[in-house]
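Residue numbers (the working numbering), protein chains in the order written: chain S, 142 to 811; chain V, 11 to 567.
Comments concern the structure below.
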Amino acid sequence: MRVGIEVGGTFTDLVAVGDGKITVTKVPSTPHSPDIGALNALKEAGIKIDTLSDLAHGSTVATNAVLERKGAKVAFVATEGFRDILFLQRHDRRSIYNIKYQKPEPVVARRDCFEVSERILANGDVVEALNEQAVREKLIPALKAGGYGAVAICLLNGYANPVHENRLLELIEESVPGLLVTRSSEIVRIFREFERASTTSLSAFVQPVIDNYLGRLESNLKEDGFKGHLTVMQSNGGRLPATAMRRSAITALFSGPAAGVVGAARQSSKSGFENLITFDMGGTSTDVCLVDNGRPALTMETEIGGLPVMTPVLDIVTVGGGGGSIAWIDDGGMLRVGPQSAGADPGPACYGFGGKLPTVTDAQVVRGAVRPEAFLGGRMKIDVEAARNAFTEIADHFGMTIDEAAESVVRLVNSNIVRAIQLVSTERGRDPRDYALVPFGGGGPLHAASIAEELGIETICIPPNAGVISAFGLLASDFVKFGNRTQKMPMKDGPVEGATIFAELRDELMEEFKQMGLPADKLEFTYTADMRFVGQAFELGVELPGDRLKSLTVKDFGDGFEEAHFRMFYHGVGANRPIEIVSFRVGATYPVGEIPDLRSTGDAAHSLVEHPVFDGGEWISCQHMASEALKTGEKIDKPTIIEGSTATTFVPAGWHAELDDASNLIMKRS
Amino acid sequence: MKISALDYAVISQGIHAAAREMGVKLIRSAYSTILREARDGSAALLDAQGRTIAQAELIPMQLGTIDAIVQPCLELYPPETLVEGDFLINNHPYHGGQHLQDVFIFNPVFFEGELIGFGASVAHHLDLGGGSAGLNPNASDVYQEGLLIPPSKYNMERDWNGGNLERLIAANIRVPTQTIGDFNAQFAANFMGGGRLKELCTKHGVDAVREAMEEMLNYTERRVRAAIEELPDGVYTGEDCIDDAAFAGQDPVWIRAKVTVKGDTIDVDFEGTDPQVACNINCPFASTQSVALSAVKVALTGSDVPFNSGLRRPITFRAPYGSILNPKPPAPVRARMIPAYRAYDAIMKALSKAAPEKVTAMGFDCTTIACLSHQEDTGFAVHIEPYGGGFGGGFDRDGCDAIDNQLSNCANTPVEALDAGYDFFRIKSYAMVADSFGHGRHRGGAGFLRSYEILKDGATFAIYSDHHKFAASGLFGGSDGSLGYCRILRGKEIITVGSKNLVNLKKGDIVEVFCGGGGGYGDPKERARSDIDHDIAEGLLTAAEADRFYQSAQAAE
């Protein structure tokens, strides 16, 4: 039996695969200690823990630790003269016309920041040796006295030469055994000290939290007879064995939305779609990601609570538009949706829990797309009148009917999602029309067609059980790890010196996988050089053909770079400017092998219900059906709402749909 | 046709997104540290009349009058005469521009043969020639400050990419590779913005896009008028002074603002401001306008009110011709941020009487420019760092520590970027300084010290700054922030550089630049003990200073 358990803010989802069938279970999350929710989900699903071969786990433990500032007490160590790096930050503001602006708050207190005297240059030369005596006499006693849970070290140019960071680690380990120490050079070997220090401090901050959490989960499982592999999702869309994750906490920081993207990509590839734009529409926000050739796009730069994080994470853009997002009129008279959300309490007006403000879910109820009897499989009572009343103010203000107001709100939230999709596509030099749209989460498939039309997308692939695709993604994800090294060189040195670095990084990764008990012969590698025109400061990643690493040419590097630069910046091809390589990155993937089938059953009897939907400014006739009734090969060519227990799909006029062999519902424009 | 509320929301947000993307790409494809690291550049989309519709939120000072800077170009080359491939360019302080280093470029955007707007960008260029590299504080007229590019029209095909204008500029500047690279980043941003605007026209129709642009101006106007309306009508005054015009041998230079609030309009009059001076701290009128617009925007409206030309409609301003805020040519203007910030503070002091809860105490509010240069065998190495200081304390919170001030928004340059790019100096420390802020119910933001170790003989250091003699003022009983300073440690010798100077350096010198803190807001007696203790524990406040300002204040009760 293989099980994926994804802990979300409200629900903990479980997908179990084995004995030729698939089980989907949802239990309430237990935010104070999410592992209890995970264990509850196993109980609820009736799974015998000793029969588990594979338990893949995803949680927002690391993310929440940062957002709620509930991590370790961290000591930060910097080069003399620079202990304020985390506070000075980059000296700029995110919001420029704000007289009362405040910077994002670091996870370390200023009183816990220390300095050591040493200096290394950008080329790695040591100009001032580490003053070990001072370390022993000042830093070590302070670390002993401070009651710290972790230490983060980020020395200037430590990315170029980690010798002093390494030596500090030894000195601290000698004197304060057991204290967790994180070096910037082991986390990210890239220049810009603030961003690297921020990443390092965040890693140190969450490491003990992750370590405790996974330790507790492992021992609870063992008590119940667990003998399988416990693996954990990372921000890069791959898994790691839990034991390895306990030493690599930073890669857990954005693992929440990553599993869904991987699940969506894997499930769509069964229908032959490799180039996708995924969007996950939940209660308060929507996460968007672009997938090329089955591989979700990565970015090296992201942030959490305003603090920069430099580590490969899926390039996911989040917008504040979900089912609970509230529609409002601003003081300039413009219609807006979000980012405020009604949340679960009071929730949308139609829940009847006292919410009076109009939400996206209310809009879908008003326009008939959500049938009161069918909401959440009929488990929840819906108050249509309350939903309609919530839109009175907007309708009156703009001189619209309630129905028009509701449809406007739906279209506006769609346009927010469209902009997020443009951010990951057009802004990255990709044309959305070359992609299939893959919606998931409870609301995704309901909004997909209209979003596709805005973007000129012709095909939509809707996975079965779209509301729990994240838990499925845990099981479907590979083991992934990245190695990187900053070593600046002119492009001409790429084919020889660069290829040597690639090979070294590859060998290091093979060794790491061996230690995780995953044989190196199955590994697949990607090779990326980060390049720029000499004088620029931001690099573009250029992927190189790994199958001929030994015979790379300067042209491989140059053409790849100029093409990428033009795609991104609209200039640079044939610029005849010198190009340099700044850093090298190798990604190693241990494929998970056969992916379990996520299928819908198709065994329920058809019971079509006619219930009109307000679409395009008029009430149109629309049939509603249960997703369990849909059979493989069955075609839909008139307006239809497909009601599932985890998600609702809308096939509007102008679209037709068919359930294919992989249980994906494929929608195309007529 | 009247577009629907929905279409308006969709198109306007598309235009905002395009402008934001222009800013991102401008910075990311740039070459010089001042543009790619300090991010001293801005971008905007204008309509066919040259009005700012949406902007990338980068530098308020540059953004404020993009719309005014294109006008002299359009007077010479009316919109209907422009063709595909043309571009307009202007950096002339006496023809709508600000200071020479900020070069504004406008690329017209055509849709189906019709002009629909302009992609506009500005970058502070590292060096545009003139009497010394990067910054010539000795300049006694504008000609000594670098290359003047009057409002003009060129063509990409003919004049750039090896063409006449590109070669003319490259021949007159000290670091052409970086600077021409930065110009290319400006063009790329403009094309990108233009492309996005065309996509919106394709999708929604050119009429709908035009209408949305018009409505975006109206929208901002409505929200700004609503904000002004909340103020009590009246005439409010404020004044502030520049330390000195050092090179002109002149002591405090006064700037006075009279702000008249009437209904939903504001008039800002700088009558009574001192005459222009014979050194580079004159503020061209375009810059003065930018100050007034930014000050009203910052103080009165929420940060989600978009800045565009609609903001101008309820605001009028004037400054006497020949004054430091509206100088006559050919007065030099390089350090126009110095008078600009005093004008900003004069307006804020006036507004504090009308809106005491919205305005903060004065921040360090001064751009400090540190310029290091060295002539090498292979050419010049030039580095410019723009710095801010601490914000002023406010009604409901402390001032932000060590950050760029309100009219600007430059990032620091990472020490590691400098280590990789320059070998004639090295940053020795960069740190916040204890007791550097004004005290009050809410304290000001802390100032910071940045020090440079000089590694080669023959380097020069130029600076302009202010608040070395008169500190940022506290408000409503709060105390003043700390003074800034600049000095050189040469062995046992301490050489005071002052706020506006050019000095030759020796190997081994340590140059210290200190940017001070902001003023406090309200009576220190009212400060929460927990806040005082927190500052002491964090090392930002010494126990002695706390005793002096807070203990005694509390004991006196």
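Cβ coordinates follow ideal geometry from the N, Cα and C atoms, glycine included.
Taking only the alpha-carbon atoms, compute the straight-line gap between residue i and residue j and give it to the nearest angstrom.
{"i": "G378/S", "j": "A393/S", "result": "10 Å"}
{"i": "N625/S", "j": "G639/S", "result": "12 Å"}
{"i": "L771/S", "j": "S748/S", "result": "10 Å"}
{"i": "V733/S", "j": "R380/S", "result": "9 Å"}
{"i": "A399/S", "j": "I543/S", "result": "38 Å"}
{"i": "I437/V", "j": "K211/S", "result": "34 Å"}
{"i": "S131/V", "j": "H706/S", "result": "20 Å"}
{"i": "L312/S", "j": "A338/S", "result": "20 Å"}
{"i": "D50/V", "j": "G462/S", "result": "33 Å"}
{"i": "G447/S", "j": "P245/S", "result": "5 Å"}
{"i": "S724/S", "j": "F679/S", "result": "11 Å"}
{"i": "A305/V", "j": "T506/V", "result": "33 Å"}
{"i": "E567/V", "j": "Q561/V", "result": "With a pLDDT of only 46 at E567/V, under 50, the local geometry of the prediction cannot be trusted, and the value read off the model is given with reservation. Going by the C-alpha atoms only, they are around 10 Å apart."}
{"i": "S475/V", "j": "I445/S", "result": "35 Å"}
{"i": "R220/V", "j": "D57/V", "result": "8 Å"}
{"i": "N511/V", "j": "A236/V", "result": "45 Å"}
First and last residue of the alpha helix (DSSP H) that includes residue i?
{"i": "R560/S", "result": "543-565"}
{"i": "M223/V", "result": "216-239"}
{"i": "F674/S", "result": "Counting along the chain, F674/S falls outside any alpha helix (DSSP H), though it belongs to the beta strand (DSSP E) covering 665-674."}
{"i": "I341/S", "result": "Here the sequence assigns Thr to residue 341/S, which means Ile is not the residue at that position. It spans 334-364 - the alpha helix (DSSP H) in which T341/S sits, taken as one unbroken run."}
{"i": "F420/S", "result": "Unbroken run through F420/S is the beta strand (DSSP E), 417-422; no alpha helix (DSSP H)."}
{"i": "A610/S", "result": "Here the sequence assigns Ile to residue 610/S, which means Ala is not the residue at that position. Start and end: 610-617."}
{"i": "V425/V", "result": "425-431"}
For residue i, which of helix, strand or coil comes out of DSSP?
{"i": "E680/S", "result": "coil"}
{"i": "Q628/S", "result": "strand"}
{"i": "M812/S", "result": "Summary: the structure shown does not reach residue 812/S, with chain S confined to residues 142 through 811, and so no result is reported for it."}
{"i": "V317/S", "result": "coil"}
{"i": "Y711/S", "result": "coil"}
{"i": "L381/S", "result": "strand"}
{"i": "H256/S", "result": "Before going further, note that residue 256/S is Glu rather than His in the sequence given. If DSSP states are grouped into helix, strand and coil, E256/S belongs with the strands."}
{"i": "H823/S", "result": "Here chain S has residues from 142 to 811 only, and residue 823/S is not among them."}
{"i": "R30/V", "result": "helix"}
{"i": "H706/S", "result": "helix"}
{"i": "R477/S", "result": "strand"}
{"i": "S127/S", "result": "Absent from the model: residue 127/S. The displayed extent of chain S is 142 to 811, so no value can be given."}
{"i": "P449/S", "result": "strand"}
{"i": "Q416/V", "result": "coil"}
{"i": "S692/S", "result": "helix"}
{"i": "R330/S", "result": "coil"}
{"i": "R388/S", "result": "coil"}
What residue does the beta strand (DSSP E) around residue i start on, and which one ends it?
{"i": "D436/V", "result": "The residue asked about is misnamed: residue 436/V is Arg in this sequence, not Asp. Note, R436/V: beta strand (DSSP E), 435-442."}
{"i": "N511/V", "result": "510-514"}
{"i": "L262/S", "result": "Where L262/S is concerned, there is no enclosing beta strand (DSSP E), given that its DSSP letter is neither H nor E."}
{"i": "G182/V", "result": "In the sequence under discussion, the amino acid at residue 182/V is Asn, which differs from the Gly named in the question. Counting along the chain, N182/V falls outside any beta strand (DSSP E), and DSSP gives it neither H nor E."}
{"i": "M766/S", "result": "764-767"}
{"i": "H588/S", "result": "Where H588/S is concerned, there is no enclosing beta strand (DSSP E), although the alpha helix (DSSP H) it sits in stretches over 585-596."}
Segment contact flag, the region 284-292 of chain V with the region 251-258 of chain V, C-beta cutoff 8 Å, min 3 pairs: By the Cβ test, the region 284-292 of chain V is in contact with the region 251-258 of chain V, since at least three Cβ pairs between them sit closer than 8 Å.
**Request:** Write down every uninterrupted run of the beta strand (DSSP E) in the region 302-387 of chain V whose length is 3 residues or greater and which is fully enclosed by it, in chain order.
**Result:** Correct list: 325-328, 378-386.
- [ ] Output the residue ranges of the alpha helix (DSSP H) runs that lie fully inside the region 189-235 of chain S and measure 4 residues or longer, sorted by chain position.
- [x] 202-208, 226-229
Query - Length at least 4, wholly inside the region 437-489 of chain V: the alpha helix (DSSP H) runs in chain order - result: none
Just list the alpha helix (DSSP H) runs in the region 41-88 of chain V, keeping only unbroken ones of 4 residues or longer that don't cross its boundaries, in chain order.
43-46, 70-74, 76-86
**OP:** Please determine if the region 401-416 of chain V and the region 523-530 of chain V are in contact, where contact requires at least 3 C-beta pairs separated by less than 8 Å.
**Re:** They touch, by the three-pair rule.
Stretch pair the region 146-163 of chain S + the region 314-323 of chain S: three plus CB contacts closer than 8 Å = no
Of all the beta strand (DSSP E) runs that stay within the bounds of the region 91-122 of chain V, which reach a length of 3 or more residues? 96-100, 112-121
- Counting Cβ pairs closer than 8 Å, one from the region 103-110 of chain V and one from the region 176-184 of chain V, do we hit at least three? no
Three Cβ pairs or more, each shorter than 8 Å: is that satisfied between the region 511-523 of chain V and the region 464-473 of chain V? These segments touch.
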